[in-house]
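Asks: The structure is given below, and queries will be raised subsequently.
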Amino acid sequence: MVNRRAFGQRLLKEAMDSGASLLDSTQALEPIIEGGFVKGVVIKDLRTNLKMEIKERVTIDASGYAAVL
1 MVNRRAFGQR
11 LLKEAMDSGA
21 SLLDSTQALE
31 PIIEGGFVKG
41 VVIKDLRTNL
51 KMEIKERVTI
61 DASGYAAVL
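First residue of the sequence shown: 1, per the working numbering; consecutive thereafter.
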């Protein structure tokens, strides 16, 4: 049986050790599409209500069943 919490923490640590960033307390609002490709995402900081654009080489929708992007 997998300890879901421990497994999630391990995945997070490995991702961050590989250069990924964790944006806590944020909400993805919409993808940034350029030339038919997703180039980033517009997010809202839930603590400050500020909207920001984040552009990266890889954008991953990990929102689960809700699938925002």
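Just so it is clear, CB atoms sit at the ideal spot from N, CA and C, and this is done for glycine as well.
Since we're looking at a predicted model, the values are computed, not measured.
Using DSSP with H/G/I as helix, E/B as strand and the rest coil, what is D45?
Replies: strand
Asks: Quick check on this structure: which residue in L23, E56, Y65 has the alpha carbon closest to the alpha carbon of L46?
Replies: L23
Asks: Please classify L29: does DSSP put it in a helix, a strand, or coil?
Replies: strand
Asks: Grab the span of the alpha helix (DSSP H) containing N16 for me, first residue to last.
Replies: According to the sequence shown, residue 16 is Met rather than Asn. Taken as a continuous stretch (DSSP letters only), the alpha helix (DSSP H) holding M16 covers 4–17.
Asks: Whose C-alpha, out of R4, Q9, N49, E56, is nearest the C-alpha of P31?
Replies: Its Cα nearest to that of P31, the residue E56 stands out among R4, Q9, N49, E56.
Asks: Determine the direct distance from the alpha carbon of V42 to that of A28, and round the result to whole angstroms.
Replies: 6 Å
Asks: Could you have a look at G64 and say whether DSSP puts it in helix, strand or coil?
Replies: The answer is helix: DSSP assigns G64 an H, G or I state.
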